[in-house]
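Participant:
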């Protein structure tokens, strides 16, 4: 395959040759240095990961076929962008990559919706970026060359409406109140589908993150908010009995993971202080030292502003992609109760209509829960499901004193890299990307 010329920065970290494992990590951006969410990084056409919301990734290689290989073939892909295909010498050391991808001039086929059999319902020439289901219709965000579009389809694949949207929008979000938002780096817009596709309100991204996104449920007249803190290792659920006083109703905390993240963070700040204090020794490669942003040992600005040297680029990238990863919790209304799935302690916390904790249920099959990819609820009948990292689909059966997992099916591995799972009216919808030609597909599987 033709190699794509892009800027790529490699920094090899000290480690022993043929150690037990090493990492390929870093960030992927576009030509404007905006992070690319969901870009795939693949090694030797098999093992891979995707970038997070900050465009960062960390791929740990611990199998002998990678550790002892003389070279590693790296492919970096994102829908609508030219592919990076390059080969690196393997020195058994960590590899840091900072990649900038160019927009592709060709439209990649196809969006394909499959039923429980591999049957195409519709086939459009699009680069699918995201989708949701609203009022029984498929709402898609897609890229056509340099133009982004919002389109709605019936569940049988019939195009209903289509409207162009600013290219800064990369994600779709449906709130608990079933409102639909297109999310960009600086702003978000609320969308209305009553008569065509209309942009009704615009908000700063900060308002979306601090208010709309944090409000996760409306339960028995209570607005339930969810907030992360302590390097994303503490989750607090709260409500507002009155407008000015929040009331905590539940909390999940991974203290061990918090201490590890805090230690890494402090080391990153110390490294920054030493770098800007000793210019001749460390030589700031880019950026401007801003010590005024450090107060009480914490950085009060954008973490990316810490990057004033190649070493700090590596440290910040690893922190954002690994150390600050959010702990897993899920919340649902089920059987007229509020359930909080706590995958740190392997429990389900059950709250009553007044938001008082009634009891907790133990999650017995810890290996399955620990390797869960997502827990989701059918938005039409409230049934709960788990999909694990091996793509096995389970139904979750809950009674007063026991939680059971019932195996339903195994998703075919030929779907490639999968993401964004939704369940509507007993049908599972998910995105998949072909690892070779990166076709964007929207698939559906009928749950029986």
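Numbering (the working numbering), first residue to last: 48 to 495.
The beta-carbon is built from N, C-alpha and C at its ideal position, and this holds for glycine as well.
This one's a predicted model, so the numbers in the text were calculated from it and none came from an experiment.
From residue 192 to residue 488, what distance separates their C-alpha atoms?
Facilitator: 18 Å
Participant: Which parts of the region 376-433 are runs of the beta strand (DSSP E), unbroken and 3 residues or longer, counting only runs that do not cross its ends?
Facilitator: 376-381, 384-389, 394-398, 404-409 and 419-424
Participant: If distances are taken between C-alpha atoms only, which option among 445, 323 and 363 comes closest to residue 379?
Facilitator: Residue 445 is the option with its Cα nearest to residue 379.
Participant: Pick out whichever of 87, 293, 258 and 312 has its Cα sitting closest to the Cα of residue 279.
Facilitator: 312
Participant: Can you tell me whether DSSP reads residue 321 as helix, strand or coil?
Facilitator: helix
Participant: Can you tell me the Cα-Cα spacing of residue 241 and residue 79, whole angstroms?
Facilitator: 35 Å
Participant: What does the alpha-carbon distance come out to for the pair residue 452 and residue 317?
Facilitator: 47 Å
Participant: From 174, 427 and 392, pick the residue whose C-alpha is nearest to that of residue 301; which is it?
Facilitator: 392
Participant: Tell me which residues share the same chain as residue 4 and place their Cβ nearer than 6 Å to its Cβ, disregarding the 5 neighbours each side in the sequence.
Facilitator: Not covered by the structure: residue 4. The range shown for the chain is 48 to 495.
Participant: Per DSSP, residue 281 is paired with what?
Facilitator: 276 and 300
Participant: How is the beta strand (DSSP E) around residue 520 delimited, first residue to last?
Facilitator: Limits of the chain in this structure are 48 at one end and 495 at the other, which puts residue 520 out of reach.
Participant: Report the residue from 425, 211, 441 and 449 whose alpha carbon sits nearest the alpha carbon of residue 395.
Facilitator: 449
Participant: Looking at the strands, I want to know which residues DSSP matches up with residue 144.
Facilitator: Answer is 73, bridged to residue 144.
Participant: Rounding to the nearest angstrom, what Cα-Cα distance links residue 356 and residue 374 in this structure?
Facilitator: 30 Å
Participant: Going by the CB atoms, is the gap between residue 123 and residue 197 shorter than 8 Å?
Facilitator: no
Participant: Between which residues of its own chain and residue 232 is the CB-CB distance below 7 Å, once the five residues before and five after are set aside?
Facilitator: So the qualifying residues of the chain are 81, 215 and 252.
Participant: Going along the chain, which residues of its own chain have a beta-carbon closer than 7 Å to the beta-carbon of residue 369, five neighbours each way excluded?
Facilitator: 105
Participant: Could you tell me the boundaries of the alpha helix (DSSP H) in which residue 184 lies?
Facilitator: Here residue 184 belongs to no alpha helix (DSSP H); instead the beta strand (DSSP E) covers 184-191.
Participant: The alpha helix (DSSP H) spanning residue 362 covers which residue range?
Facilitator: 357-365
Participant: Quick check on residue 159: does DSSP put it in helix, strand or coil?
Facilitator: Residue confidence for residue 159 is low, a pLDDT of 43 falling below 50, so the modelled location carries little weight; the figure read from the coordinates is stated next. Note: residue 159 maps to strand in three-state DSSP.
Participant: Does DSSP classify residue 310 as helix, strand or coil?
Facilitator: helix
Participant: Is residue 352 helix, strand or coil by DSSP?
Facilitator: helix
Participant: By DSSP, does residue 490 sit in helix, in strand, or in coil?
Facilitator: strand
Participant: Can you tell which of 88, 237 and 115 has the C-alpha that lies nearest to the C-alpha of residue 143?
Facilitator: 88
Participant: What residues match up with residue 104 in a beta bridge as DSSP calls it?
Facilitator: 73
Participant: By Cβ distance, which residues of its chain are closer than 7 Å to residue 421, with the 5 residues on each side in sequence left out?
Facilitator: These residues qualify, in order along the chain: 434 and 468.
Participant: Which same chain residues, not among the five before or five after residue 261, have their C-beta less than 8 Å away from its C-beta?
Facilitator: 272, 273 and 274
Participant: On the CB-based measure, 16 or more other CB atoms within 10 Å of its CB, does residue 324 come out buried or exposed?
Facilitator: exposed
Participant: For the beta strand (DSSP E) containing residue 258, name the first residue and the last one.
Facilitator: Unbroken run through residue 258: none, as it is neither H nor E.
Participant: Assuming residue 297 contacts residue 404 (C-beta within less than 8 Å), just tell me the rounded distance between them.
Facilitator: 7 Å
Participant: Could you tell me whether the Cβ atoms of residue 194 and residue 211 are closer together than 8 Å?
Facilitator: yes
Participant: Classify residue 85: buried if its beta carbon has 16 or more other beta carbons within 10 angstroms, exposed otherwise.
Facilitator: buried
Participant: My output table needs one value for residue 253: the three-state DSSP class, helix, strand or coil.
Facilitator: helix
Participant: With 16 other CB atoms within 10 Å as the buried threshold, where does residue 475 fall?
Facilitator: buried
Participant: Assign residue 479 to one of three DSSP states: helix, strand, or coil.
Facilitator: strand
Participant: Using the beta-carbon count (16 or more within 10 Å), is residue 95 buried or exposed?
Facilitator: It is buried - the Cβ of residue 95 has at least 16 other Cβ atoms within 10 Å.
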